[in-house]
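> Going down the list, the protein sequences come from chains C, Y, P and U.
One rule links them: number in the numbering used here = place in the first sequence (from 1) + 169.
One rule links them: number in the numbering used here = place in the second sequence (from 1) + 169.
One rule links them: number in the numbering used here = place in the third sequence (from 1) + 8.
One rule links them: number in the numbering used here = place in the fourth sequence (from 1) + 8.
Beta carbons: idealized from backbone N, C-alpha and C, even for Gly.
Given the structure is predicted, the values throughout are model-derived calculations rather than measurements.
Handing you this structure, nothing more for now.
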Amino acid sequence: MSITYLEAIREAQARALGENPNVYIYGQDVGDFGGAFKATKGLAAQFPGRVIDAPISEDAIVGSAIGAAIQGMRPIIEMQFADFSTVGLNQIVNQAATYYWRTNVPCPITIRLPCGGTSGSGPFHSQSLEAVYAHFPGLVVLTPATVEDAYSMLLDAVAIDDPVIFCEHKFLYYHLKAEKLPTGALPVGKARIARAGRDLTLVTYSAMLHESLAAAEELATQGYQVEIVDLRSIKPLDTDTVMASVARTGRLLCVGEAWPWGGVTAEVIARVVSEGFDLLDAPPQRLNAKDTPIPFHPRLWAAHRPTAQSITAAARNVLNY
Amino acid sequence: MSITYLEAIREAQARALGENPNVYIYGQDVGDFGGAFKATKGLAAQFPGRVIDAPISEDAIVGSAIGAAIQGMRPIIEMQFADFSTVGLNQIVNQAATYYWRTNVPCPITIRLPCGGTSGSGPFHSQSLEAVYAHFPGLVVLTPATVEDAYSMLLDAVAIDDPVIFCEHKFLYYHLKAEKLPTGALPVGKARIARAGRDLTLVTYSAMLHESLAAAEELATQGYQVEIVDLRSIKPLDTDTVMASVARTGRLLCVGEAWPWGGVTAEVIARVVSEGFDLLDAPPQRLNAKDTPIPFHPRLWAAHRPTAQSITAAARNVLNY
Amino acid sequence: MQRLVEAVPPAAVTGGPNDPVLRPSALDPSQLRLAYRWVLLARLLDDKTAALYRSGLVPGGAFLSKGQEALSVSLAMQLQPGDIYAPLIRDTAGRLAFGETIQDALRSCIGSPLGPMRGRDGNVHRGRPKDGYLPMISHLGAIPSVVNGALIARRLQGKPMGIGATCIGDGGTSTGAFHEAMNQAAVERLPLVMVVADNQYAYSTHRSRQFACDSLLDRAVGYGVDGHAVDGTDLAACMQVMDRAARRAREGCGPQLIVANLLRLCGHGEHDDASYVDPALKESHVGRDCVKAAADWLIAHGMAAPGELSKMQTDVSAELEKAVDEILRDPAPDPNVEKWTALATAALRENAS
Amino acid sequence: MQRLVEAVPPAAVTGGPNDPVLRPSALDPSQLRLAYRWVLLARLLDDKTAALYRSGLVPGGAFLSKGQEALSVSLAMQLQPGDIYAPLIRDTAGRLAFGETIQDALRSCIGSPLGPMRGRDGNVHRGRPKDGYLPMISHLGAIPSVVNGALIARRLQGKPMGIGATCIGDGGTSTGAFHEAMNQAAVERLPLVMVVADNQYAYSTHRSRQFACDSLLDRAVGYGVDGHAVDGTDLAACMQVMDRAARRAREGCGPQLIVANLLRLCGHGEHDDASYVDPALKESHVGRDCVKAAADWLIAHGMAAPGELSKMQTDVSAELEKAVDEILRDPAPDPNVEKWTALATAALRENAS
Ligand SMILES: Cc1ncc(C[n+]2csc(CCOP(=O)(O)OP(=O)(O)O)c2C)c(N)n1
Ligand SMILES: Cc1ncc(C[n+]2csc(CCOP(=O)(O)OP(=O)(O)O)c2C)c(N)n1
Ligand SMILES: [Mg+2]
Ligand SMILES: [Mg+2]
């Protein structure tokens, strides 16, 4: 048996629905159709009345999830694409994220954002908005990079008493496969050493983990041992694990698919240098997408985001400093 | 004569309206009423038909400005509070910001965001959202800290061919005064040394400039010479000026009123360490608001944002490293 | 499907004996006297809030409900335990009738740590979600969909749905969020009672710059919901129309849109002298004081004696003064004991600052 | 103010001789033949796009207009130089009628650097703003307010306003952005011609899960704008209703809302087999093919001879093949010559990456 990242998301939702009667799913086309990406395929039939088609009203979709959450439900919201969450952003950052702080009443919502670039998807179906949500207090922002994490962290998300932005990467949906679903997992909020190495700490998350792993393979053939930290959660951000790795390697490269300004990579570097400046033997570097909208044509897109090749080059610069 | 920060904003708009027939102002209550803060006072009478009251429709307000801009107009949009711009965010970041890149047709809009905290304003009338807008490609984000910059940079904003997020700080509206309006100004995009010093580079912007200047005064009495860089523009960000200062002082503290995660302070530190690591004699530090919504009660609010006192303490830590 | 759209012209809402909609005889005098007590208390509480504001005890601003008391109270008086109530900016009267204490109201205005918002939020941004009493955020239009969600929760939980009641201004109807929520409620056929207080202005902006239909009631048919017009200056009319709307919502007739005409009898906030309000409007029917009109009406219809009402005023004032004395002894919030976290989940907190 | 709200029942829109709204005699046969030429070309262009998609030459997805051609072309044919046109996802026919070349259309689909979007954006996200032809972004509802702004610009510049024409689906009307824009247009009394293509589904979601009014036309009165219903499968009816709506907009009667009934005769995109579409709908009047129906109608009313139409088909196919041959020789965009900046202002560019 083998299971894809997308199937893991479906299975996690099936399990959450099965185990907790307060869980329901709400989003455009999530019902009989099973969602634009089929992440809810079959669930409407399996859980009648609990997988509900929404009108094209992202603001009201999130708003209603808030109302249901404070009444004891555990809504899972599917945005059709992360890009469209900007239309519901106000409810997310100003109402859901502040609810507990204002009222002492928790607001447990899981907002699934199918995010990241895929070939030919263009500027409005490719965005990675994790840094935008992480900037606002009151949200947990998860960025699973593996099939196992997609499954276990989605279950975590539903169990967490705070609003969770669950950034699932569309590029990984079909291509990433695992043997089976995990039985245990790291606690949510903890980063993971995805590959051990002593020469360079490469901090990354989501789809860029796989580009980074490929880069590390390439660099290994050249004698460099790259340690890769998969953040898993970008808010909270597990600075300790990153710092411990930098303490071992003395070098840091941060790689993210999102835009550079104020992104995860900037946040990681700011933390590492302010708390672990003396651990560093070389200037920490970051590699992100270019600071333009995400291009439609595959050739432009391939040059816009980091790839194994550009990561290899950036890593070599840090290694050779 | 003396002129406030708020009056400077009014005067800049009056001049822009007077000099360019394509300029108009659109926003809630900006007409005869002169705006919630009186930033457009008298302008409707002086420029009939060109200072227009809008319905409570931030999305359509920005959307219409885009349509007017690509037809040759130079709209100035007043959001009643920066906090409410989240409702129009999609039009700003996905339509205005991408317009030139997609079509080669410039989209010159100035969006005025009355931002930042004032006592008793609470979680929804105090926000500083500059980092959110700076994360998206295609926007210019300006953060004037002085009466002179409020005036000259607003004129710059109207002249710029790109959408500009003009973050004007409400705390400075009435309290900050200058002798007269400036006749010249630094080019937009350039930072300014607001105070020279050789011991520490303190990078800041907007209202925090004044808290930082007070901290520098205090530290001067203790024999420390703090150099203060007022960023003025946070996107583009004048890394050169910051770096030149750090080259002189070897120490860096970044202060911002916004939330920490992915804020201006993280971006500045990431840039300085990746390009000027060897210039630093101590770990760069940052000081921001706490990572919670902005509290209503003045005593909580005073503890939530950086103040001269907490800046002094943070600076002393860096100085004593 | 047949829809009820009642466009009662304001003239008919003043309660003539031949008006089929509004018959004083159909009203319960004790309910009306109770309603009057709440609007009176609300008005006095507003005056007190303004006084505290002027003496510097209220941080930020003071936002009063003057002119909207009759409308506000009549919605809240329809609510039963288990219902959801999400009032907006000018609902002092409804909040009190729903069960909010004077102390909670005043504590929110001064930012007391003993109030429901504990100094974190203030003034009209208050509520107690556990009691079905939802706090507003400032962003207009953001609340109705939250009420929808609370009702959806009950449907999913198989609990009695009750009804969900909320309010918005003429200006708030221009928000996309309001539209999405109304449409969502209609699609889900939720028992949402949505009151639009058309008080002629949104801050300084006249309704003619806010919408182009003759009455916002014209929106009901477009959402496919029942619509009710009411004279918001007339307490008896408001009580009867709300009674019918709430009953229809409870009976499964789906969302109810009530549009009331009235005038804001104060500034947007106490910082605003409202000099932009057309004097002719103040002189017109829409500008009459609903609290005074209610007193006159009760007396004229023999539902209360003048002495009864002045005694009520004395009692209510004493109650108010007592509460003020109490809350003015509250401590200020202490930043050193404040937890400074926005997360409910302790394990996920970090202290980046 | 008096408002025109025409709720023409679909039955009346098929063009019977006694229908006061639709009289074939009022139609200009040459205009109808021209319209037919565009819908035919649009259909063939869609088929070609699908073929290119299947052969892997179209990145992303292919989004076709099948079933919406008659509605789309009749709006665009009302437009004159200086007007604003902001088509949406299913406006292949209108785009062509407005003056878009086949080359521009195809180049956008393959992401050619020689197309208007230069490979940066693709498929239906195309336009040439300098020609008054505005490109859509994906976010539904985000375009109508942009059209409003273009019209406001002309008013402010003292130029002739022309009209602004745009389209949205049944699903798109649920967005807050759509509501804000309609209301804004009404308040500003702009010559906006807003076409709602109610094609029964938004992706897989049936209209019954999208709104609760009987027809989206019921929204017109709530915005205070003129409303027009039309059978979107009937080219002649569409031409007449659009003619009237555009004329009223030009004459200063404010925004015009047209609601058309039709069925999407393809998947949401070419990846979608649309198996969720109710077969009964396909068999019903709303499911008939507007292109075929138009041909039948032209012949039945003596406005075109069968031979004329098949010659048209031959000509149009040849034109299309020629364009395909041309664009398939285009180079791919080159990341090395790409400027990689989102800013128009060279002095403000920086290269953080
Ligand atoms: C989305 C949004 N935009 C702007 C504001 C600023 N604002 C606060 S109250 C107000 C006027 C509200 O008018 P209305 O809805 O008619 O209510 P009223 O004050 O008349 O009771 C405005 C514009 C806001 N709160 N939310
Ligand atoms: C704000 C927003 N939310 C979600 C989507 C995803 N989406 C794209 S098309 C579509 C369905 C549109 O349906 P409709 O408006 O009826 O147009 P049709 O496709 O039927 O022509 C959806 C949900 C989007 N583009 N924008
Ligand atoms: Mg109002
Ligand atoms: Mg549709």
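#1: What do you reckon, is the C-beta of P/Ala-210 under 7 Å from a heavy atom of ligand 3?
#2: What residue does the beta strand (DSSP E) around U/His-125 start on, and which one ends it?
#3: Can you round the beta-carbon distance between Y/Glu-317 and Y/Ala-347 to whole angstroms, since I take them to be within the 8 Å contact cut?
#4: How many Å lie between U/Gln-208 and U/Cys-175 at the Cα?
#5: Between the Cα of Y/Gly-353 and those of Y/Leu-345, Y/Leu-324, Y/Tyr-343, Y/Ala-251, spot the shortest distance and give me the residue it belongs to.
#6: Which class does P/Gly-180 belong to by DSSP, given the choice of helix, strand or coil?
#7: Just checking C/Val-262 against ligand 1 - is the residue's beta carbon closer than 7 Å to any of the ligand's heavy atoms?
#8: How far does the alpha helix (DSSP H) with U/Gln-39 in it extend, from its first residue to its last?
#9: For ligand 2, is there a heavy atom less than 7 Å away from the beta-carbon of Y/Ala-365?
#10: Using CA coordinates, which residue listed in Y/Gln-454, Y/Thr-408, Y/Pro-475, Y/Leu-469 is at the minimum distance from Y/Val-487?
#11: Do you know how far the Cα of P/Glu-278 is from the Cα of P/Ala-58?
#12: Is P/Gly-23 buried or exposed, if buried means 16 or more other CB atoms sit within 10 Å of its CB?
#13: Could you name the residues of the same chain whose beta carbon sits closer than 6 Å to that of C/Ala-451, not counting the 5 residues immediately before and after it, in chain order?
#14: Could you check if C/Val-256 belongs to the surroundings of ligand 2, using beta carbon to heavy atom distance under 7 Å?
#15: Do you know whose CA, among C/Leu-378, C/Leu-406, C/Tyr-343, C/Gln-394, lies nearest C/Pro-356's CA?
#16: Please say whether C/Val-442 and C/Val-411 have beta carbons closer to each other than 8 Å?
#17: Along the region 189–203 of chain P, what residues have a CB closer than 8 Å to any CB found in chain C?
#18: Name, please, each residue of chain Y whose Cβ falls closer than 7 Å to the Cβ of C/Lys-404.
#19: Drop a sphere of 10 angstroms on the beta-carbon of C/Leu-175, count the other beta-carbons inside from all chains shown, and report buried for 16 or more, exposed for fewer.
#20: Is C/Thr-287 buried or exposed, if buried means 16 or more other CB atoms sit within 10 Å of its CB?
#21: Helix or strand or just coil, what does DSSP make of U/Val-21?
#22: For the alpha helix (DSSP H) containing P/Leu-271, list its first residue and its last residue.
#23: State yes or no: is the C-beta of C/Glu-426 within less than 8 Å of the C-beta of C/Ala-376?
#24: Could you tell me the alpha carbon to alpha carbon distance between U/Val-81 and Y/His-473, rounded to whole angstroms?
#25: If you count every other CB in all the chains shown that lies within 10 Å of the CB of U/Leu-336, and 16 or more means buried, which is it?
#26: Going along chain C, which residues have a C-beta under 9 Å from U/Ile-145?
#27: Going residue by residue through the region 408–470 of chain Y, where are the continuous beta strand (DSSP E) segments of at least 3 residues, counting only ones entirely within it?
#28: Consult DSSP for C/Thr-481 and reduce its assignment to one of helix, strand or coil.
#29: How about the region 237–248 of chain U and the region 224–234 of chain P: do they share at least three Cβ pairs that are nearer than 8 Å?
#30: Which residues mark the beginning and the end of the beta strand (DSSP E) in which U/Met-202 is found?
#31: Just to make sure I have the definition right: I need the residues of chain Y whose C-beta is within less than 7 Å of the C-beta of P/Ser-182. Which are they?
#32: State the Cα-Cα distance for the pair P/Gln-76 and P/Pro-341, rounded to the nearest angstrom.
#33: Return the bridge partner residues of U/Asp-234 from the DSSP annotation.
#34: In terms of residue numbering, what span does the beta strand (DSSP E) encompassing Y/His-338 cover?
#35: Along chain Y, which residues have their Cβ under 7 Å away from the Cβ of U/Ala-157?
#36: Under 9 Å, CB to CB, which of the residues in the region 205–222 of chain U have a partner in chain C?
Reading from the atomic positions:
#1: By one-based count along the third sequence, residue 210 of chain P stands at place 202. Flag set: Cβ of P/Ala-210 near ligand 3.
#2: Working through the fourth sequence from its first residue, we reach residue 125 of chain U at position 117. In the sequence as displayed, the identity of residue 125 of chain U is Met instead of His. Counting along the chain, U/Met-125 falls outside any beta strand (DSSP E), and DSSP gives it neither H nor E.
#3: Residue mapping note: residue 317 of chain Y aligns to position 148 of the second sequence, counting from 1. Residue mapping note: residue 347 of chain Y aligns to position 178 of the second sequence, counting from 1. Rounded, the Cβ-Cβ distance is 6 Å, consistent with contact.
#4: Mapped onto the fourth sequence, residue 208 of chain U falls at position 200. Mapped onto the fourth sequence, residue 175 of chain U falls at position 167. Roughly 15 Å between the two C-alpha positions.
#5: To locate residue 353 of chain Y, count along the second sequence from 1; it is residue 184. If you compare the alpha carbons of Y/Leu-345, Y/Leu-324, Y/Tyr-343, Y/Ala-251 with that of Y/Gly-353, the shortest gap goes to Y/Leu-324.
#6: If you number the third sequence from 1, residue 180 of chain P lands on position 172. The three-state reading of DSSP puts P/Gly-180 in helix, counting H, G and I together.
#7: Within the first sequence, numbered from 1, the residue matching residue 262 of chain C stands at position 93. False, no ligand heavy atom lies under 7 Å from that Cβ.
#8: Reading the fourth sequence from its first residue, position 31 is the one you call residue 39 of chain U. From DSSP, the alpha helix (DSSP H) with U/Gln-39 extends over 37–62.
#9: Here the question's residue 365 of chain Y lines up with position 196 in the second sequence. Answer for Y/Ala-365: no, Cβ out of range of ligand 2.
#10: Position 318 of the second sequence, counted from the first residue, corresponds to residue 487 of chain Y. Y/Gln-454 is the residue among Y/Gln-454, Y/Thr-408, Y/Pro-475, Y/Leu-469 whose C-alpha sits nearest the C-alpha of Y/Val-487.
#11: As a working note, residue 58 of chain P is residue 50 in the third sequence. As a working note, residue 278 of chain P is residue 270 in the third sequence. So the alpha carbons of these two residues sit roughly 7 Å apart.
#12: By one-based count along the third sequence, residue 23 of chain P stands at place 15. Reliability fails at P/Gly-23, whose pLDDT of 34 lies under 50, so the model's placement of it is uncertain and the value that follows must be treated cautiously. So P/Gly-23 counts as buried.
#13: Counting from 1 along the first sequence, the entry for residue 451 of chain C is found at position 282. Within the same chain, C/Ala-451 has close Cβ partners Arg-420, Val-487, Tyr-490.
#14: Here residue 256 of chain C refers to the residue found at position 87 of the first sequence. Distances between the C-beta of C/Val-256 and the heavy atoms of ligand 2 include at least one below 7 Å.
#15: As a first step, residue 356 of chain C is located in the first sequence; it is residue number 187 there, counting from the start. Answer by Cα proximity: C/Leu-406.
#16: For the purposes of this step, residue 411 of chain C is taken as the residue at position 242 of the first sequence. For the purposes of this step, residue 442 of chain C is taken as the residue at position 273 of the first sequence. The answer is no: Cβ separation not under 8 Å.
#17: Within the region 189–203 of chain P, the qualifying residues are Ala-189, Asn-191, Gln-192, Val-195.
#18: For the purposes of this step, residue 404 of chain C is identified with residue 235 of the first sequence, where counting begins at 1. Within chain Y, the C-beta atoms nearer than 7 Å to that of C/Lys-404 come from Trp-430, in chain order.
#19: As a position in the first sequence, residue 175 of chain C is number 6, starting the count at 1. By the neighbour-count criterion, in which a residue is buried when 16 or more other Cβ atoms sit within 10 angstroms of its Cβ, C/Leu-175 is buried.
#20: Sequence index remark: in the first sequence, residue 287 of chain C carries index 118 (1-based). The residue is buried, with at least 16 neighbouring Cβ atoms inside 10 Å.
#21: Counting from 1 along the fourth sequence, the entry for residue 21 of chain U is found at position 13. Since pLDDT at U/Val-21 reaches only 33, below the 50 mark, its modelled position is unreliable, and the value read off the structure follows with that caveat. Looking at U/Val-21 - three-state DSSP - the assignment turns out to be helix.
#22: Along the third sequence, one-based indexing puts residue 271 of chain P at 263. Membership of P/Leu-271 in any alpha helix (DSSP H) is not indicated, and neither H nor E is assigned to it by DSSP.
#23: The sequence position of residue 426 of chain C within the first sequence is 257, counting from 1. The sequence position of residue 376 of chain C within the first sequence is 207, counting from 1. Their beta carbons are under 8 Å apart, which means C/Glu-426 touches C/Ala-376 by this criterion.
#24: For the purposes of this step, residue 81 of chain U is taken as the residue at position 73 of the fourth sequence. For the purposes of this step, residue 473 of chain Y is taken as the residue at position 304 of the second sequence. In this structure, the straight-line span from the alpha carbon of U/Val-81 to that of Y/His-473 is close to 58 Å.
#25: Stepping through the fourth sequence from its first residue, residue 336 of chain U is reached at position 328. U/Leu-336 sits exposed, since fewer than 16 C-beta atoms from the chains shown fall within 10 Å of its C-beta.
#26: As a working mapping, residue 145 of chain U is identified with position 137 in the fourth sequence. Residues of chain C passing the Cβ test: Pro-292, Phe-293.
#27: Runs of the beta strand (DSSP E) inside the region 408–470 of chain Y: 421–424, 454–456.
#28: Counting from one through the first sequence, the residue named residue 481 of chain C turns up at place 312. Per DSSP, reduced to three states, the secondary structure at C/Thr-481 is helical.
#29: The region 237–248 of chain U, when compared against the region 224–234 of chain P, does not touch it at the 8 Å Cβ threshold.
#30: As a position in the fourth sequence, residue 202 of chain U is number 194, starting the count at 1. U/Met-202 -> beta strand (DSSP E) spans 200–206.
#31: Taking the third sequence and counting its residues from 1, the one referred to as residue 182 of chain P is at position 174. Neighbours of P/Ser-182 on chain Y, chain order: Pro-224, Ile-225, Ser-226.
#32: In the third sequence, the residue the question calls residue 76 of chain P occupies position 68. In the third sequence, the residue the question calls residue 341 of chain P occupies position 333. Cα-Cα distance, rounded: 32 Å.
#33: As a position in the fourth sequence, residue 234 of chain U is number 226, starting the count at 1. Per DSSP, U/Gln-264.
#34: Here residue 338 of chain Y is taken as the residue at index 169 of the second sequence, counted from 1. Where Y/His-338 is concerned, the enclosing beta strand (DSSP E) stretches over 333–338.
#35: By 1-based counting over the fourth sequence, the position of residue 157 of chain U is 149. The sequence as given places Gly at residue 157 of chain U; Ala does not occur at that position. Under the 7 Å cutoff, chain Y gives Gly-232, Ser-233, Ala-234, Ile-235, Gly-236, Ala-237.
#36: The region 205–222 of chain U vs chain C, Cβ under 9 Å: Ala-210, Tyr-211, Ser-212, Thr-213, His-214, Arg-217, Gln-218, Phe-219.
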